[in-house]
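Top to bottom, those sequences are chains G and V. In terms of this note's numbering, the first sequence opens at residue 31 and continues consecutively. In terms of this note's numbering, the second sequence opens at residue 134 and continues consecutively. Built from N, CA and C at the ideal position, the CB exists for glycine as well.
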Amino acid sequence: MAKIIKEKTPIPEQDPKIRRQNFNEVALGYSEEDALREASRCLGCKDSPCLAGCPVEIDIPAFISLIKERDYLGAVRKIKEKNALPAICGRVCPQETQCEQYCTLGKRFEPVAIGRLERFVADYEMVNTKDLQPITCSSPNGKSIAVVGSGPAGLTAAADLAKLDYKVTIFEALHKTGGVLVYGIPEFRLPKAIVEQEVEFVKRLGVELKLSVVIGRTLTIDDLFSEGYDAIFVGVGAGLPHFMDIPGENLNGVYSANEYLTRVNLMKAYLFPEYDTPIKKGKRVAVVGGGNVAMDAARTALRLGADQVFIIYRRSQVEMPARREEVHHAEEEGIEFKTLTNPTRIIGDKQGWVKEIECIRMELGEPDDSGRRRPIPIEGSLFKIEVDIVVMAIGNGANPLLTSATPDMAINKWGYIITDDEGRTTKKGVYAGGDIVTGSATVISAMGAGKRAVRAIHKDLTE
Amino acid sequence: MFKILAKKILASGIKLFEIEAPLVARKALPGQFIVLKIDEYGERIPLTIYEYTRDKGTISIIFQEVGKSTMQLGTLNEGDCLSDIIGPLGCPTKIEKVGRVVTIGGGVGTAVIYPITRSLKEANNRVTSIIGARTRELLILKEEMEKASDELFITTDDGSYGRHGLVTDELKRLIDEGEKIDLIFAIGPVIMMKAVSNLAKQYNLKTMVSLNSIMVDGTGMCGCCRVTVKGRTKFVCVDGPDFEAEGVDFDELMNRQRIYLNEERLSIERYRERECRRNG
Ligand SMILES: Cc1cc2nc3c(=O)[nH]c(=O)nc-3n(C[C@H](O)[C@H](O)[C@H](O)COP(=O)(O)OP(=O)(O)OC[C@H]3O[C@@H](n4cnc5c(N)ncnc54)[C@H](O)[C@@H]3O)c2cc1C
Ligand SMILES: Cc1cc2nc3c(=O)[nH]c(=O)nc-3n(C[C@H](O)[C@H](O)[C@H](O)COP(=O)(O)OP(=O)(O)OC[C@H]3O[C@@H](n4cnc5c(N)ncnc54)[C@H](O)[C@@H]3O)c2cc1C
Ligand code: SF4
Ligand code: SF4
Ligand code: FES
């Protein structure tokens, strides 16, 4: 047997100095040669431990083995038996804590770069397939399902339901399909053309999309039942921005990360005035928070032309919830990290614009409920940073728009929908999954929830 | 796609569209609004639902051309389509029988106060209305408001029609005449709503206003529309647009409306240049 290659095949990336000035994708993707080399590392383990880490149950050894045989289209087909969104997952799945964490190879060396391989074959298919015929189901089963929300949870549920021969309609509040994939995650990490193509695949399965329909306002859940839907899946995400409740948060120049990213991604404000939606381009920008959302906002600010961008985070870098890779990318691009620092107020000028952000230094004390060491303010350590834009990226909560219009569906004290392990809500015929059940999580966990709920729907409707 | 079925010019730069939007028409109630997007490049702008006809499946909007989006909207005609209409959004106005109500519309705010005025009258309130405009040419919905209320007073800033002065002058007169007022409902430029609110506060009169903050999604997702009410942050698109005037930080709202002044100017200049080239 050939000698095992210990390290992952690196993925080519745009130079940090250049990419911080454009919105093009940072990671360029494997060449065929890279993919073959990386695939050759996979041991094809009989018990496939990697499978345990993939919530959408992709047959990982099987698709990698098809890559080894250079049957790339076969490999995508294998993946798409389970996952309708491989080009998206290959880019944004936190693979290091999912499939790759369980990879046998990872016990002694670096794990197989499963996500990068998934991306490679998905991209290969987009470039090399011209056949975009609908994949119609031969015999619709006569039942129809409404899916509310077109984020990863809703898209996955819709695709799986369509494969089971249900007639599926997605209702989406925004004018574009994809949820956080189109309004939150920036172009330079997930090009919108990629999302569009994967949505196209879901449509080819026969799924119908109704955009700009707000469930809870335009139609209610009960309206959907009276229109004849046999079951409803709710995947509306956790779209309610949190603020810190500190003085100065409503000054001009303070954004929630949702607003900042929505303007830039969904509304394409980075192309203003070609597109009509404006965004303030700051010279010195502070982003408060330490998750993926904060990294995305900070890197977006840089690309909009900021000279200096600060990440302000109250714990230390080790505790940051963002993916290592994203923190690394942000550092490479020149984002400045002010860790163990917490904002106390935002100070404005006479015209009501942000001028400074006042912060206090923190130290780490005993571990708290989350197991992370609790940050404690250091008395007398207040200091100010001069900034003209502040972006609050401290997390999202449950948006009550749909749930308050559906009082007979139980929610918990934070407003998230209560479901059983299989995704059934307390309202008959209504299922839910994704961020609106778990709170802000990941693309892949939302997709896993969509898949689980479809099993419950199918079971309940056929038994 | 949402088709424009009828277009009417109400005054210079103020237009009415009747639009096919059956789902919105089915649910709409007074006080609610839509978010509208003209085309692929368009921004999402909020506009009040002026009227709805459920069986016909149509809604009407009235808009004033103040910037790029509304100017472009104004160039569209019967038969043209809009890419998106989202709604009905916001909480419907609470319509109750309280007794005597004074409704006040300033400028294009008259379009917003009209459906509320009508509903308040239908709920058996005695409704006195005041509408104001800068000048006679900009006065809209005079006949409609006359029909919708028990009595109507009109003011113009330059005295070209009705009483010479501001809507607050007329309100002050009504108050001074001594007849009890149970509720004031004022909608118009923020500066006007603030003035009405201040006046009403002196007499301890309850006042409602409908706030027009800058919006993006209109569903509570972005927080762009936030205002301070009684020291707490509220989202106009989901908590409003109606609020009790007392406690609204009008100055903050006015300031937040100015966030994109420079960008808006740039957008209009670019738009005008292109229109000139196209027409010239
Ligand atoms: C900036 C950012 C970066 C992120 N980066 C990553 C990453 O790199 N990797 C990762 O795994 N995760 C990441 N996440 C988290 C991930 O995106 C979410 O966990 C995931 O999108 C949740 O999926 P969902 O389908 O539950 O909800 P969402 O993606 O939020 O989609 C919900 C959809 O429902 C629609 N909707 C809401 N209310 C209604 C209604 N009443 N009627 C109709 N439609 C409605 C919304 O408009 C939206 O389109 C990131 C999140 C953000 C905000
Ligand atoms: C709930 C609500 C109901 C409204 N109803 C009406 C109505 O019935 N008729 C009417 O004529 N106007 C109404 N407005 C105001 C209308 O939305 C703005 O006039 C319009 O967005 C201006 O866009 P523009 O590009 O033409 O002008 P711009 O040049 O972009 O802006 C002119 C001014 O309009 C405001 N504005 C700009 N963008 C937005 C935005 N996205 N959302 C809200 N305000 C913005 C700002 O204060 C700005 O200074 C309403 C606003 C709200 C919030
Ligand atoms: S979908 Fe995510 S977890 Fe599953 S194999 Fe792909 S990268 Fe791994
Ligand atoms: S565990 Fe790793 S090496 Fe084994 S089959 Fe899965 S990817 Fe290949
Ligand atoms: S407009 Fe986005 S939250 Fe109100």
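Next on the checklist: Looking at the secondary structure, which residues open and close the alpha helix (DSSP H) in which K275 of chain V lies?
Outcome noted: Counting along the chain, the alpha helix (DSSP H) containing K275 of chain V begins and ends at K275 to A281.
Next on the checklist: Please list, in chain order, the residues of the stretch 327-354 of chain V that have any C-beta partner in chain G closer than 8 Å.
Outcome noted: Residues passing the 8 Å Cβ filter: V349, D350, T352, G353 and M354.
Checklist entry - Along chain G, which residues have their Cβ under 8 Å away from the Cβ of E385 of chain V? => result Ordered by position in chain G, the residues that pass the 8 Å Cβ test against E385 of chain V are N280 and G382.
Checklist entry - CB-CB under 6 Å to K38 of chain G, same chain, minus the five flanking residues each way: which ones, in chain order? => result Only E140 and A143 meet the Cβ criterion.
Checklist entry - Any heavy atom of ligand 7 closer than 8 Å to the Cβ of S242 of chain G? => result In the structure shown, ligand 7 is absent; the only ligands present are ligand 1, ligand 2, ligand 3, ligand 4 and ligand 5.
Item to check | Contact between the stretch 285-294 of chain V and the stretch 215-224 of chain V (3+ Cβ pairs under 8 Å) | outcome: With the cut-off at 8 Å, the stretch 285-294 of chain V and the stretch 215-224 of chain V do not touch.
Checklist entry - Given that S400 of chain V touches chain G, what residues does it touch there, using C-beta distances under 9 Å? => result Using a Cβ-Cβ cut-off of 9 Å, S400 of chain V is close to F302, P303, D306 and P308 of chain G, given in chain order.
Checklist entry - What does D217 of chain V touch in chain G if you count any residue whose Cβ is under 8 Å from its own? => result In chain order: H205, L241 and S242.
Checklist entry - In the structure shown, what three-state DSSP assignment does I245 of chain G receive? => result I245 of chain G falls in the strand class under three-state DSSP.
Item to check | Per-residue contacts from M297 of chain G into chain V (C-beta, under 8 Å) | outcome: Those are E176, R177 and V349, listed as they occur along chain V.
Checklist entry - Does DSSP put K47 of chain G in a helix, in a strand, or in coil? => result In the structure shown, the three-state DSSP call for K47 of chain G is helix.
Next on the checklist: Quick check on the DSSP output: the alpha helix (DSSP H) that includes C119 of chain G runs from which residue to which?
Outcome noted: The continuous alpha helix (DSSP H) containing C119 of chain G extends over residues P116 to V122.
Item to check | Pair within 9 Å by beta-carbon distance, A486 of chain G and R454 of chain G | outcome: Their beta carbons are under 9 Å apart, which means A486 of chain G touches R454 of chain G by this criterion.
Checklist entry - Going along chain V, which residues have a C-beta under 7 Å from N288 of chain G? => result Chain-ordered, the chain V residues with CB closer than 7 Å to the CB of N288 of chain G read M354, C355 and G356.
Checklist entry - For H297 of chain V, which of helix, strand or coil comes out of DSSP? => result Looking at H297 of chain V - three-state DSSP - the assignment turns out to be strand.
Next on the checklist: Ignoring anything shorter than 4 residues, give me the alpha helix (DSSP H) runs that lie fully in the stretch 183-218 of chain V, in order along the chain.
Outcome noted: Counting only runs of 4 or more, we get 201-208.
Item to check | Lining residues of ligand 5 - beta-carbon closer than 7 Å to any non-hydrogen atom, in sequence order | outcome: This criterion selects G:E289, V:M348, V:V349, V:D350, V:G351, V:T352, V:G353, V:M354, V:C355, V:G356, V:C357, V:C358, V:F368, V:V369, V:C370 and V:V371.
Next on the checklist: Does chain G have any CB closer than 9 Å to the CB of G292 of chain V?
Outcome noted: Not an interface residue.
Checklist entry - Among all the DSSP beta bridges, which residues are the ones paired with E386 of chain G? => result Per the DSSP secondary-structure output, E386 of chain G pairs in a beta bridge with G:I377 and G:E416.
Checklist entry - With respect to 8 Å, is the separation between the Cβ of Q381 of chain G and the closest non-hydrogen atom of ligand 3 below this value? => result Flag unset: Cβ of Q381 of chain G not near ligand 3.
Item to check | Residue burial classification, V460 of chain G (beta-carbon count within 10 angstroms, cutoff 16) | outcome: Around the beta carbon of V460 of chain G, a 10 Å sphere encloses 16 or more other beta carbons of the protein chains shown; the residue is thus reported as buried.
Item to check | Within 8 Å of chain G by C-beta, residues of the stretch 182-199 of chain V in sequence order | outcome: If the cut-off is 8 Å between Cβ atoms, the stretch 182-199 of chain V has nothing near chain G.
Checklist entry - Okay, do the stretch 78-92 of chain G and the stretch 47-66 of chain G touch, 3+ Cβ pairs below 8 Å being the bar? => result Taking 8 Å as the limit for Cβ pairs, the verdict is that the stretch 47-66 of chain G does not touch the stretch 78-92 of chain G.
Next on the checklist: I'd like to check one pair, R219 of chain G with D326 of chain G: are the Cβ atoms closer than 9 Å?
Outcome noted: With respect to the 9 Å criterion, D326 of chain G and R219 of chain G are classified as neighbours on the basis of their beta carbons.
Next on the checklist: At a CB distance below 9 Å, what residues from the stretch 139-153 of chain G approach chain V? Give them in sequence order.
Outcome noted: Answer in chain order: no residues at all.
Checklist entry - With a CB to CB cut of under 7 Å and the five nearest residues on each side skipped, what residues in its chain are close to G311 of chain V? => result Beyond the five residues adjoining it in sequence on each side, G311 of chain V comes within less than 7 Å, by CB distance, of no other residue in the same chain.
Next on the checklist: Taking 9 Å as the threshold (beta carbon to beta carbon), is N388 of chain V in contact with chain G?
Outcome noted: A Cβ of chain G is located within less than 9 Å of the beta carbon of N388 of chain V.
Item to check | 9 Å Cβ cutoff, R404 of chain G in contact with chain V | outcome: With 9 Å as the cut-off, R404 of chain G does not count as an interface residue toward chain V.
Checklist entry - Is there a Cβ from chain V that is less than 9 Å from the Cβ of F273 of chain G? => result Using a CB distance cut-off of 9 Å, F273 of chain G counts as an interface residue toward chain V.
Checklist entry - Per DSSP, what kind of secondary structure is L220 of chain G in: helix, strand or coil? => result Note: L220 of chain G maps to coil in three-state DSSP.
Item to check | Secondary structure, beta strand (DSSP E): runs of 3+ residues fully inside the stretch 405-456 of chain G | outcome: Listed in chain order, the complete beta strand (DSSP E) runs (minimum 3 residues) inside the stretch 405-456 of chain G are 413-416 and 419-422.
Item to check | Min CB distance L156 of chain V to chain G below 9 Å | outcome: Closer than 9 Å to some Cβ of chain G, the Cβ of L156 of chain V qualifies, so yes.
Checklist entry - Quick check: the stretch 237-253 of chain V against the stretch 153-163 of chain V, are there 3 or more CB pairs under 8 Å? => result Put simply, the stretch 237-253 of chain V touches the stretch 153-163 of chain V. At least three CB pairs are less than 8 Å apart.
Checklist entry - Is it right to say V329 of chain V is buried, meaning 16 or more other beta carbons lie within 10 angstroms of its own, or is it exposed? => result Under the 10 Å beta carbon count, V329 of chain V is surrounded by 16 or more other beta carbons and is classified as buried.
Checklist entry - From what residue to what residue does the alpha helix (DSSP H) around G480 of chain G run? => result Looking at the DSSP string, the run of the alpha helix (DSSP H) that includes G480 of chain G is V473 to T492.
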